[in-house]
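The structure under discussion appears below in the form of structure tokens.
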Amino acid sequence: MAVPFATLYQGSGASVNRTTPLHDETWRANFLRAQWSVKKKNTRYEKDEGSNTDWWVWQSPEVTNVHLPERWGLLQFQDAEVNGTHFMTSEKWVATNALLDTYSALQAFHAVTGRYTDRKELLHLPPYVFSGKCVDDVNIKLDWSGFHVTIKPKGDNLEDGHIRTDHFLWFGREDMQYF
Numbered sequence: 500m501a502v503p504f505a506t507l508y509q510g511s512g513a514s515v516n517r518t519t520p521l522h523d524e525t526w527r528a529n530f531l532r533a534q535w536s537v538k539k540k541n542t543r544y545e546k547d548e549g550s551n552t553d554w555w556v557w558q559s560p561e562v563t564n565v566h567l568p569e570r571w572g573l574l575q576f577q578d579a580e581v582n583g584t585h586f587m588t589s590e591k592w593v594a595t596n597a598l599l600d601t602y603s604a605l606q607a608f609h610a611v612t613g614r615y616t617d618r619k620e621l622l623h624l625p626p627y628v629f630s631g632k633c634v635d636d637v638n639i640k641l642d643w644s645g646f647h648v649t650i651k652p653k654g655d656n657l658e659d660g661h662i663r664t665d666h667f668l669w670f671g672r673e674d675m676q677y678f
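The sequence shown runs 500 to 678 under our numbering.
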């Protein structure tokens, strides 16, 4: 199966239309397929309706829900010889994960209580989020749509990271969410 990069960019939120990824550009990707048991019927094979479906995934999301992009594998594009480079992690990596972990904790809290909270101590968050070693601050604001989380990453030149109830994540000024 071949899918043109230009098609993959459609609806991605990328600021420019491109036909190829940039050097060091990293995407989250999840490749999966279903495998069904089959039975031979005369000279044909048919799906065995009484059997369970087996799912094969490239990168296990560790949960039975493939619709969680924060759990997908990372795919990085390089302008170099195959196996001639190393995977380059983003300086925003820890802050991005902290935003996604806080998002998941808020959604889990909402699933149990029917509401969101701005009290971090009520959320089941991994210790790295509050240790002060990975991010400087986590701020949760409740608003009409649910919540808005801002994380101040470690490092002098890093912009604040944000995530909203609708899962929209960005780095920069808070008002940049409407570009």
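Glycine residues also receive a C-beta, built at the ideal position from the N, C-alpha and C atoms.
Around the beta carbon of residue 556, a 10 Å sphere encloses fewer than 16 other beta carbons of the protein chains shown; the residue is thus reported as exposed. Burial is judged here by how many other beta carbons sit within 10 angstroms of a residue's own beta carbon; residue 601 has at least 16 and is buried.
Burial state of residue 637 is buried, judged by a 10 Å Cβ sphere holding 16 or more other Cβ atoms. The C-alpha of residue 537 lies about 15 Å from the C-alpha of residue 554. With 16 or more neighbouring CB atoms inside 10 Å of its own CB, residue 593 falls in the buried class. Residue 530 counts as exposed, since fewer than 16 other beta carbons sit within 10 angstroms of its beta carbon. In the structure shown, the three-state DSSP call for residue 632 is coil. When Cβ pairs closer than 8 Å are counted between the two stretches, the stretch 611 to 618 is seen not to touch the stretch 650 to 659, the count staying below three. In this structure, residue 645 places its C-beta atom within 8 Å of the C-beta atom of residue 664. Each of 581, 666, 526, 590 was checked against the Cα of residue 604, and the nearest Cα belongs to 666. Collapsing the DSSP output to three states places residue 647 in a strand.
Distances from the CA of residue 577 to each of 647, 639, 526 were compared; the closest alpha carbon is that of 526. Taking C-alpha positions only, residue 595 is separated from residue 544 by approximately 46 Å.
Residue pairing from DSSP places residue 553 in a beta bridge opposite 534.
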